[in-house]
Amino acid sequence: MTTTLLAVLGTGVVDASTPVARADDAGLIRGDGCFEGCRLRRDADGHVSIDKLEAHLARMSRSAAALAIEFDEPAWRGLVDEALAAWTGEDEAAVKLLLSRGSASAGVPSGFVWITDLGPDYARWRRDGITVVSLRRGIPATAFADAPWLLGGVKTLSYAINMAAAREAERRGVDDVIFVSDDGVVLESPTSTVVWATGTATDGRTLHTTPTGDTGILGGTTQHRLYANAAEAGWRTTYTLAAVDDLHAADAVWLVSSVRGPVEVTELDGKARVRMPEVDAEIRRLAGF
Ligand code: PLP
274 MTTTLLAVLG
284 TGVVDASTPV
294 ARADDAGLIR
304 GDGCFEGCRL
314 RRDADGHVSI
324 DKLEAHLARM
334 SRSAAALAIE
344 FDEPAWRGLV
354 DEALAAWTGE
364 DEAAVKLLLS
374 RGSASAGVPS
384 GFVWITDLGP
394 DYARWRRDGI
404 TVVSLRRGIP
414 ATAFADAPWL
424 LGGVKTLSYA
434 INMAAAREAE
444 RRGVDDVIFV
454 SDDGVVLESP
464 TSTVVWATGT
474 ATDGRTLHTT
484 PTGDTGILGG
494 TTQHRLYANA
504 AEAGWRTTYT
514 LAAVDDLHAA
524 DAVWLVSSVR
534 GPVEVTELDG
544 KARVRMPEVD
554 AEIRRLAGF
């Protein structure tokens, strides 16, 4: 049985089937809002928390500011605490924090916390890795330069293209997608950051990911923590504008996000990759998984 929990901004925990949006809610009809996808953990003492909660709230606050939507942080902290205290499901779960501009008639933002058990894909991906196809994103790598209205790096609700790409992956018989700019630069995945490793244990290993900023990609909280921990553990960490061929040449490639963690890419555009179990295990540990 899937356990779900719903807590509504301004109301608190309600029955999970309670309707949360009015027909004129801007988040619903225009994707005008933002969200966070987080990982819930229950520790050995039974304490339930959200991994990297501070990073998620900070990014949600930045997203809301970019959209000019009020973000009442104390209210959100209270709502999250209430939702976590009421969670009776598995020891690991997915949490969505969703903030919408709300309905024009109500004139205030709407939002909710939604907690669900992890789907079956996560265990398989973490164990077996992930097969991936690269797909054109239809924009150059500098598409977001000097254009804040394009909302680069903002985690908006407008994910229809991301979800269409995920369906295209399914249609092609693979698990996920890496978006590539029209000038051939590796960008990100529809719901995760691309990270890859080069170098050897003796010469020193380097982690790479795509820079945010002009590329418009989302700065990942998991990649950020991975980089901080990897740097402390002696890895070099860099931001690299790379081509798909660079990923083929890398020692290991991961798709990295808060709920799935780092999952190693085992096939890219039909080419199998040799897995690096020891490096993979270290990356997972450094990312907190
Ligand atoms: N890039 C995109 C487009 C995403 O949607 C996500 C997460 O949902 C990420 C990257 C990874 O971000 P995080 O590590 O903060 O979950």
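In my numbering, the protein residues as written are 274 to 562.
Positions of the beta carbon are idealized from the N, C-alpha and C atoms, including for glycine.
Here the structure is a predicted model, which is why all the values come from computation and not from measurement.
Excluding the five sequence neighbours on either side, which residues of its own chain have a C-beta within less than 7 Å of the C-beta of residue i, listed in chain order?
i, result
"VAL538", "GLY402, ILE403, VAL405, VAL526, TRP527, LEU528, ARG546"
"ALA356", "LEU278, ALA280, VAL286, VAL386, ILE388"
Can we count residue i as close to the ligand PLP, meaning its CB is less than 7 Å from some heavy atom?
i, result
"GLY310", "yes"
"LEU491", "yes"
"SER336", "no"
"ALA465", "First, the amino acid is wrong: residue 465 is Ser here, not Ala. The answer is yes for SER465."
"LEU529", "The identity of residue 529 in the sequence shown is Val, whereas the question assumes Leu. The answer is yes for VAL529."
"ASN435", "yes"
"GLY389", "Per the sequence presented here, residue 389 reads as Thr, with Gly not at that position. THR389 Cβ: outside cutoff for every heavy atom of the ligand PLP."
"GLU461", "yes"
"THR495", "yes"
Which stretch, first to last residue, makes up the beta strand (DSSP E) that contains residue i?
i, result
"LEU370", "365-373"
"ARG309", "One detail in the question is off: residue 309 reads as Glu in this sequence, not Arg. Taken as a continuous stretch (DSSP letters only), the beta strand (DSSP E) holding GLU309 covers 306-315."
"ARG409", "403-409"
"ARG509", "509-512"
"LEU279", "277-281"
"GLY534", "534-541"
"GLY477", "477-482"
"SER383", "383-390"
So, for residue i: in the same chain, excluding its five sequence neighbours on each side, which residues have a beta-carbon less than 6 Å away from its beta-carbon?
i, result
"ASP364", "ARG315"
Which residues in the same chain as residue i place their Cβ atom closer than 8 Å to its Cβ, once the five residues preceding and following it in sequence are excluded?
i, result
"GLY472", "ARG478, THR479, ARG509, ASP524"
"ASP448", "ASP394, TRP398, ILE403, THR404, VAL405, ALA442"
From what residue to what residue does the alpha helix (DSSP H) around residue i run?
i, result
"THR495", "494-505"
"ASP553", "550-559"
"GLY300", "299-303"
"LEU595", "Residue 595 cannot be examined here, being either before or after the span of the chain that is shown, 274 to 562."
Since residue i and residue j should fall inside the 8 Å C-beta cutoff, what is the C-beta to C-beta distance between them, to a whole number of angstroms?
i, j, result
"LEU370", "VAL381", "That pair is no contact at about 17 Å."
"ASP288", "SER531", "In fact, because the Cβ distance is near 27 Å, the residues do not count as touching under 8 Å."
"LEU541", "HIS521", "6 Å"
Exercise for review: Decide yes or no for the touch test of the stretch 280-298 against the stretch 339-357: beta carbon pairs closer than 8 Å, at least 3 of them.
Suggested key: yes
Point to revise | Cβ contact (3+ pairs, closer than 8 Å) linking the stretch 291-304 and the stretch 328-335 | key: no
Check your understanding: Per the contact definition of three or more C-beta pairs closer than 8 Å, is the stretch 485-504 in contact with the stretch 418-435?
Key -> yes
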